[in-house]
Each structure stands twice: as structure tokens, then as C-alpha cells.
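Data block below; observations after.
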Amino acid sequence: MAKRIQIARHGGPEELQWVDFEPGEPHADEVQVANKAIGINYIDTYVRSGLYPAPTLPSGIGTEAAGVVIRVGSDVTAIKPGDRVVYAQSPLGAYSEVHNVHQDKVALLPDAISFEQAAASFLKGLTVHYLLRQTYEVQPDEIFLFHAAAGGVGLIACQWAKALGAHLIGTVGSAEKALLAKERGAWATINYREEDIARRVSELTNGNKVRVVYDSVGKATWEASLDCLQRRGLMVSFGNASGPVTGVNLAILNQKGSLYLTRPSLNGYITTRDELQRASNDLFSMIASGAIKVEVPENQRFPLREAQRAHSTLESRSTQGSSLLIPD
Ligand code: NDP
Numbered sequence: 001m002a003k004r005i006q007i008a009r010h011g012g013p014e015e016l017q018w019v020d021f022e023p024g025e026p027h028a029d030e031v032q033v034a035n036k037a038i039g040i041n042y043i044d045t046y047v048r049s050g051l052y053p054a055p056t057l058p059s060g061i062g063t064e065a066a067g068v069v070i071r072v073g074s075d076v077t078a079i080k081p082g083d084r085v086v087y088a089q090s091p092l093g094a095y096s097e098v099h100n101v102h103q104d105k106v107a108l109l110p111d112a113i114s115f116e117q118a119a120a121s122f123l124k125g126l127t128v129h130y131l132l133r134q135t136y137e138v139q140p141d142e143i144f145l146f147h148a149a150a151g152g153v154g155l156i157a158c159q160w161a162k163a164l165g166a167h168l169i170g171t172v173g174s175a176e177k178a179l180l181a182k183e184r185g186a187w188a189t190i191n192y193r194e195e196d197i198a199r200r201v202s203e204l205t206n207g208n209k210v211r212v213v214y215d216s217v218g219k220a221t222w223e224a225s226l227d228c229l230q231r232r233g234l235m236v237s238f239g240n241a242s243g244p245v246t247g248v249n250l251a252i253l254n255q256k257g258s259l260y261l262t263r264p265s266l267n268g269y270i271t272t273r274d275e276l277q278r279a280s281n282d283l284f285s286m287i288a289s290g291a292i293k294v295e296v297p298e299n300q301r302f303p304l305r306e307a308q309r310a311h312s313t314l315e316s317r318s319t320q321g322s323s324l325l326i327p328d
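In case it helps, UniProt numbering puts the sequence shown at residues 1 to 328.
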């Protein structure tokens, strides 16, 4: 018997229940991992609330963790018991002491990277990798807009942009977050609780605006983001922290300057073991070289059983960078 966080129905943080469960034997193509550190991602709040409903209820929750392999299925050859690993995009259930995961979602962890660093950066770093290197290849000296720059994904984006020699303008919700984003490599910041986003982007670019906007805030920033784009620019809408963008009249893309729009997800970029391996190698070398630092503030390391408090804190917009759940 192990312990995990489970939801029996969709709703607020109070629906995250600490229960006994039986993980069962791993399937032939699965590995069983004893989690040492579990990544908290905003997407977990969408699953909990029902914005992205769980396929069945009751359900585990969470899709990312780092730990030690304890058992492997009969078809698994590249991973063995005792290996240090990290995984993302697992079936729901990573908020757990033990989790069975398909081998194609698991990467071997280099010795230089701790479990906590890995769980705080894997899903988020792979996301930044595809956004800045594949969805649109940001160029040295290019100025672009990235929302929620002091969040988990955001702080990694600030550092990756700096390493590329690109100029990231980051939106943030407080002066303290602005300082942190700048410290991690943002070229400029906009406090979107106080400043007009499109006006500031125009000022910062001498009226040129930007070719690409990465927007994970969703509903609250949708229109302002389009207003920051140059003619034929690309809007990358990749999250819903303020609520989903719905009811869009496509003519708005024409009206705002023949814009392009994409709504990507990590699943669409990492589907094979090979894709996972290549992207994680890039991410791990950025971390090992020190170009990307992953530090989790002490007050954002929550005991696994306190997932309710962790979700309330994340949704209150008071966190900076990544947060973790730590099994006992
Ligand atoms: P964050 O740590 O970035 O937390 C979300 C942040 O969004 C908050 O800290 C807050 O920062 C900002 N925010 C703006 N408006 C609101 C609002 N109304 N309510 C709550 N927060 C708000 O989370 P993650 O790093 O885990 O994820 C960032 C985003 O990226 C999420 O939207 C997530 O869904 C998306 N994502 C998408 C992926 C994909 O492949 N499509 C993969 C991974 C993440 P501030 O106070 O500065 O405004």
C-alpha cells in the first residue's frame, strides 16, 4: 500500500484528498518510480477544477516527478531498478509516493542534477524548449513578449532567452516579481496590474512591436497580446491561468494585421522517446552549465499530503518560479 493525492470530483483545492492506494505491478512497457520530488504545474489546477477533466473519477493527479526506479516491466531494457529518473506527461497520478509510468515518458537523470532540480524544471523546461526553439525560433537580439515571466515556466524562459542572446519582455504581477525576472535575464518587464501592455511594448520597441508573443495567461491578456504583434506576427497561446480564451471571431487575426495563431501543447512536441531524449539533453546541458538555475524557495516546498495548501498558494499568484511536493 502507498499514499497519494486523489480527486473524487472536480472542484477547489479542498477536493485534493490524501488516501491509501495500491499502485499495482507496472505493465510490460512501464517503470515503477518511488517519487522523491514532485513538480507542481498550473495544469494540475485545470485537472482538479475540471477545465481539463480527468478521464475517470476518482483519479490521481499530477504528471511530473523525479525519483528512483524500483521495478520495471518485462519489455523495458533501457531503464533498470536503482536508476535515478525524471518523468513528465505521465498518466495522472504523479502526486503520489509511487507511480507507474510508460518508459517513453522517462529520462535518466544526470548525477549533476538533483531530484528537486529535476522535478522543478523538467516539464516546464521542456515547454520552454519547444516554445523558443520549435514553435518559433527566437533569434539573438530579437525582442519578444513572454507573459507570467516570474512563474515556473517564465523564470526558465527568462534564462533560456538570455542564453540565446534574445531580449525577453516579461509581464509580471508585482514589483518583486519584476526584480526577480530581471535578475534571471529578462531584458525588460511590464507590471500588467499597473501598466498598459501594448503601449509599453510599443515604447520598448520604438514602435516596432514584436514578431512573437507567448501567452499562458489566456483570457485576461488575449487582446492586448494581439495588439503587441507586428503585421503577420505569431500569437502563441499556451495556457489559461486567468481562464480560457473562448468565442474568438477569427476575423480578429485579419483586423490586427494578418496574424498567425497557434495553440500548442508539450504533448504535440514530445511524443516519442527520441523526441524526449533530444529535448531533455538540451535542457539538462543548460542546467548543468549553469545557464539555467532552478531554485525552489523554501516556502514553495510543500509536504505531499499538503497539496491543498500548495494549490491554494499557486492560484493566489503569490508564488515565484517553481513549486514542489515532497513525499515524507
Ligand atoms: P506559474 O508558476 O507561471 O503560475 C501561473 C502564473 O500566472 C501566476 O503566478 C501569475 O503570475 C500568472 N497569472 C496571471 N493571471 C493570473 C490569474 N488570473 N490567476 C492566476 N495566475 C495568474 O505556472 P506554471 O509555470 O506551472 O505554468 C505557466 C503557464 O504555462 C500556465 O498557464 C500553464 O497552463 C502553461 N503551460 C502550458 C504548457 C503547454 O504545453 N501548453 C506546458 C506547461 C505550462 P503573475 O502574478 O506574475 O501574473
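No residue lacks a Cβ here, since even glycine has one placed at the ideal position from N, Cα and C.
query, result
"Return the chain-ordered list of same chain residues with a C-beta closer than 7 Å to the C-beta of A163, the five sequence neighbours on each side being excluded.", "M286 and A291"
"What ranges does the alpha helix (DSSP H) occupy inside the region 119-193, keeping only unbroken runs of at least 4 residues that lie completely in it?", "152-164 and 175-183"
"Taking 8 Å as the cut-off, does the region 117-132 touch the region 145-162 (at least 3 CB pairs, one atom from each stretch)?", "yes"
"List in chain order: all unbroken alpha helix (DSSP H) runs of 4+ residues lying wholly within the region 202-243.", "222-227"
"On a Cα-Cα basis, can you pick out the residue from P53, R84, Q89 and I79 that is closest to G62?", "Q89"
"Is the beta carbon of A161 sitting closer than 8 Å to the one on L168?", "yes"
"Give the DSSP-derived three-state secondary structure of E195 in the structure shown.", "coil"
"Kindly indicate which three-state DSSP category Y260 falls into: helix, strand or coil?", "strand"
"Cutting at 6 Å between CB atoms, please list the residues of its own chain near P13, excluding the five before and the five after it.", "Q308, H311 and S312"
"Could you tell me which uninterrupted alpha helix (DSSP H) segments, each at least 4 residues in length, are contained entirely in the region 36-99, listed from first to last along the chain?", "42-49"
"Thinking C-beta only, is S322 closer than 8 Å to K124?", "yes"
"Note down, one range per segment and in chain order, each alpha helix (DSSP H) of at least 4 residues found wholly within the region 259-302.", "273-288"
"Mind checking if L180 is an interface residue toward chain C, Cβ cutoff 8 Å exclusive?", "Although the question refers to chain C, the structure presented lacks it and comprises just one protein chain."
"Near K256, what residues of its chain come up, given a Cβ to Cβ distance below 8 Å and the 5 sequence neighbours on each side ignored?", "L226, D227 and L229"
"Along the alpha helix (DSSP H) that carries I252, what are the first and last residues, could you check?", "A251 to Q255"
"Go to L324, then tell me how far its beta strand (DSSP E) extends in each direction, as first and last residue.", "S323 to I326"
"Looking at the unbroken alpha helix (DSSP H) that takes in R309, where does it start and where does it end?", "A307 to E315"
"Going by DSSP in three states, E30 sits in which element: helix, strand or coil?", "strand"
"Using 8 Å as the threshold, is the C-beta distance between A112 and A288 below it?", "yes"
"Below 8 Å, can you find three or more Cβ-Cβ pairs linking the region 177-186 to the region 197-214?", "no"
"Please find out if some non-hydrogen atom of ligand 1 comes closer than 7 Å to the beta-carbon of V172.", "yes"
"Pull up the distance between the alpha-carbon of Q6 and that of G165, whole angstroms please.", "43 Å"
"Measure the Cβ-Cβ separation of Q117 and V294 and say whether it is below 8 Å.", "yes"
"Find out if the Cβ-Cβ distance for the pair V33, V72 is shorter than 8 Å.", "no"
"Beta carbon of I43: closer than 7 Å to some heavy atom of ligand 1?", "yes"
"Just tell me which of G60, D83, D104 and V76 has its CA closest to the CA of L92.", "G60"
"To the nearest angstrom, how far is the alpha carbon of L108 from that of N281?", "10 Å"
"Quick one: is L57 buried, meaning 16 or more other Cβ sit within 10 Å of its Cβ, or exposed?", "exposed"
"Taking 7 Å as the cut-off, is the CB of G257 close to at least one heavy atom of ligand 1?", "no"
"Taking all protein chains shown into account, do 16 or more other C-beta atoms lie within 10 angstroms of the C-beta of N35, making it buried, or fewer, making it exposed?", "buried"
"Please classify R211: is it buried, with 16 or more other beta-carbons within 10 angstroms of its beta-carbon, or exposed?", "buried"
"Does the beta carbon of P264 fall short of 7 Å from some heavy atom of ligand 1?", "yes"
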